[in-house]
Amino acid sequence: METAIGVFTVRDHAEEALRQLRQRSVPEDSVVFLTRSESEAQTIAREFGASAKGVFSTLLLPGIGKVFARGFGAAALLGFAGAATGGAVGSVHHHHEDPCEPTPEEKCTEDAAFFREVLKEGRSLIVVRTESQEIAAVACAVLDHLGLGMKGKPAARMQTSTRQMGDVIVLDVSGRITLGEGNVMLREIVRELADQGNKKIILSLAQVTFVDSSGLGELVKTHMTMRNRGGALKLANPNTRLQHLLHMTKLSAVFDIHADEAGAIQSFRG
297 METAIGVFTV RDHAEEALRQ LRQRSVPEDS VVFLTRSESE AQTIAREFGA
347 SAKGVFSTLL LPGIGKVFAR GFGAAALLGF AGAATGGAVG SVHHHHEDPC
397 EPTPEEKCTE DAAFFREVLK EGRSLIVVRT ESQEIAAVAC AVLDHLGLGM
447 KGKPAARMQT STRQMGDVIV LDVSGRITLG EGNVMLREIV RELADQGNKK
497 IILSLAQVTF VDSSGLGELV KTHMTMRNRG GALKLANPNT RLQHLLHMTK
547 LSAVFDIHAD EAGAIQSFRG
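Its first residue numbered 297, the sequence shown is counted upward by one per residue in this note's numbering.
Written out as structure tokens, the structure is:
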């Protein structure tokens, strides 16, 4: 499964991204849109709500308030299990929390925490999930062009090497983390390290020159891979451009990020 994440600060850019995804035949059931703006939700519902898939649900998130969600699996992305969606086409349907249900915090995964942190900052999100490399490539092109990201794609392909520092594995990453190249390599390396029983992994990112929307999705998934295996993944040495991307997309609120490798290693031991 490929995941591409687009983060938007400009309402018109988010609307245009949805429009382009539809025009370029990205299946609607692969696209999730999340926003805190009711007016934005209403505008998009009117423009794209020609079918039941265009209906928005409203989720209430502690500390955030109302979030308007469109697309299959939108509620699950935010940590709600089985939240209902529905309502008339082009309208907003309100889903209120059942006090007998576990809270979002009790069900929330780390990637859900990321999505909620982005929304808390008043940004909108588009998440495309698909098994098709072709569809993922189209989605990445749209989201990278209109969403927040590292502009100016360089030529260097991703390369990696690993080092053992006691019980910590340092994975040096250079080049670009992008769809079909870096994201797959990163996924396979982290999975292999986890399969070997490694519980402490540091991604050293000083030489990473570009991360696309699929690369963002992969960073979130590799983090979850380690969490699900009872381990932890930390980031070290992000360069200025990558630091800016992590800050703007609020990934900095999800990852344990250190300015240098020594600090990341010490955090495991402390």
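Even glycine gets a Cβ: it sits at the ideal position worked out from N, Cα and C.
Put simply, the stretch 540–558 does not touch the stretch 332–340. Fewer than three CB pairs are less than 8 Å apart. The residue among Gly476, Glu324, Gly526 and Ala408 with its C-alpha nearest the C-alpha of Gly511 is Gly476. Less than 8 Å divides the Cβ of Gly418 from the Cβ of Arg332. Its chain contains Met446, Leu501, Val504 and Val507 as the residues whose beta carbon lies nearer than 8 Å to that of Leu538, once the 5 sequence neighbours on both sides are disregarded; these appear in chain order. Secondary structure note for Asp556: it is in no beta strand (DSSP E), with a DSSP letter that is neither H nor E. By the CB criterion at 8 Å, Val303 and Thr545 fall inside the cutoff. In the DSSP assignment, Ala300 is bridged to Val424. Fully contained in the stretch 427–464 are the following alpha helix (DSSP H) runs of length 4 or more, in chain order: 429–442. Boundaries of the alpha helix (DSSP H) harbouring Val480: Gly478 to Asp491, taken from the DSSP string.
Residue pairing for Gln503: DSSP places it in a beta bridge opposite Ser470. Boundaries for Lys546: no alpha helix (DSSP H) harbours it, and the DSSP string shows neither H nor E there. If you compare the alpha carbons of Leu489, Val466 and Lys496 with that of Asp556, the shortest gap goes to Val466. A Cβ-Cβ separation of about 6 Å places Thr456 in contact with Ile485 under the 8 Å criterion. Spatial neighbours of Gln429 in its own chain (CB-CB distance under 8 Å, excluding positions within 5 residues in sequence) are listed in chain order as Glu298, Leu475 and Gly476. In the DSSP annotation of this structure, Leu374 is not part of any beta strand (DSSP E), being labelled neither H nor E. In the structure shown, Lys530 adopts extended strand secondary structure according to DSSP, grouped into three states. The stretch 429–439 and the stretch 310–329 touch, with no fewer than 3 CB-CB distances between them shorter than 8 Å.
Annotated three-state conformation of Lys495 is coil, per DSSP.
Non-local beta-carbon contacts of Ala558 in its own chain, meaning distances under 7 Å to residues more than five positions away in sequence, are absent.
DSSP places Val328 in the uninterrupted beta strand (DSSP E) bounded by Val327 to Thr331. Under the three-state reduction of DSSP, Gly367 is assigned to coil, being neither helix nor strand.
The beta carbon of Ala370 sits closer than 6 Å to those of Val328, all from its chain and outside the five residues before and after it, given in chain order.
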